[in-house]
Amino acid sequence: MLTAIDHLVIAVPDLEAATRDYRSLGFTVVPGGRHPGVGTYNALLAFADSSYVELIGFYEPRDDHRWWAPLRRGGGLVDFCLQTDDLVGDFQALRRAGVDIGDPEPRNRTRPDGVKVRWAFALARDAHRGVAPFIIADVTGRDVRVPAERSHANGVTGIGTVTVAVSDVATVRGWYAQVLGRTGKDIRRADVGGAGVRFTIGPHTFDFVAPADARSPLVDWLAQRGSSPYAATLRGDARRPGPLDPAKTHGARLSVE
38 MLTAIDHLVI AVPDLEAATR DYRSLGFTVV PGGRHPGVGT YNALLAFADS SYVELIGFYE
98 PRDDHRWWAP LRRGGGLVDF CLQTDDLVGD FQALRRAGVD IGDPEPRNRT RPDGVKVRWA
158 FALARDAHRG VAPFIIADVT GRDVRVPAER SHANGVTGIG TVTVAVSDVA TVRGWYAQVL
218 GRTGKDIRRA DVGGAGVRFT IGPHTFDFVA PADARSPLVD WLAQRGSSPY AATLRGDARR
278 PGPLDPAKTH GARLSVE
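Sequence positions in the sequence shown follow the numbering used here and run 38 to 294.
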């Protein structure tokens with residue numbers, strides 16, 4: 038069963054600069070380490086609700102990587118991962134629902150303190166990246182992969198709603214309805230000039246939204262980026278609610294509620 042957001046992925050051109058900027062916004066940012074063989078390294082913002090944000094950069098060019106092309110188009114929010122209590126079962130359910138998702142495969146990274154982190158995941162392939170999830174199961178334990186430092190000076194305690202721009206709401210609704218066993222809720226989002234469907238997964242909400250008219254900012258987003266994550270809200274005892282400075286979030290549309 039899909040139980041919650043595991044993490045959001047924010048692709049950044051300069052990981053060190055992004056780390057400094059997110060710390061200046063009041064986040065506790067923990068270096069994660071390098072992913073051998075794929076050219077990426079990361080830093081993590083872990084939250085009390087068990088989710089986290091992954092800032093991911095490239096220490097070498099990798100035009101074969103799933104996040105390289107979206108980084109070249111501006112980066113920011115590029116993907117999301119869901120927690121599962123049954124990796125194989127949920128992978129099979131997603132594939133039966135019509136999601137183009139690869140077989141589960143092992144991955145690892147070494148933390149700066151030398152601890153090796155190991156997990157397995159199944160990745161939605163590029164055509165469905167960032168609209169269908171990738172899913173993950175820990176081998177070495179989630180507390181090895183996710184930092185213990187989960188409090189933030191800005192009061193953020195977790196992720197609220199992820200808004201995903203889509204061109205075909207009906208297909209996406211069908212995927213999630215089949216896997217989750219519920220139909221989702223019809224929504225209208227005046228703030229983005231869109232309409233779509235809402236699904237709740239554990240403590241987290243996903244709004245899959247298509248433009249409702251030509252004035253919607255989602256029109257340009259879809260033309261430039263294709264169907265993909267558009268924005269996310271963060272929640273908690275926020276000291277300064279509202280949008281975060283996009284210059285400091287490195288292109289991610291984030292707001293605190």
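Beta carbons are placed, not taken as given, at the ideal position from N, Cα and C, and that holds for glycine. Nothing here was measured: the structure is a model prediction, and the numbers come from that model.
Return the bridge partner residues of residue 97 from the DSSP annotation. DSSP output for residue 97 lists no bridge partner at all.
Taking the continuous beta strand (DSSP E) assigned at residue 142, which residues delimit it? 142–147
Straight-line gap, residue 94 to residue 230 (C-alpha atoms, nearest Å): 32 angstroms
Are the CB atoms of residue 288 and residue 113 nearer to each other than 8 angstroms? yes
If you count every other CB in all the chains shown that lies within 10 Å of the CB of residue 180, and 16 or more means buried, which is it? exposed
The alpha helix (DSSP H) spanning residue 281 covers which residue range? From DSSP, residue 281 is part of no alpha helix (DSSP H); its letter is neither H nor E.
Extent of the continuous beta strand (DSSP E) run through residue 258: Unbroken run through residue 258 is the alpha helix (DSSP H), 254–262; no beta strand (DSSP E).
Cβ shell of residue 121 (< 6 angstroms), same chain only, five flanking positions each side left out: 39, 127 and 172
Quick one: residues in its chain with C-beta nearer than 8 angstroms to the C-beta of residue 35, no 5 flanking neighbours on either side, listed in chain order? This structure does not reach residue 35, given that the chain is present from 38 up to 294, and the question cannot be answered.
Which one of 106, 153 and 97 has the shortest CA to CA distance from residue 178? 153
I'd like the list of long-range same chain contacts for residue 211, defined as Cβ closer than 8 angstroms, with 5 residues on each side in sequence excluded. 134 and 135
Just to confirm the assignment, what range does the beta strand (DSSP E) spanning residue 296 have? The structure shown does not extend to residue 296, since the chain spans only 38 to 294, so no value can be given for it.
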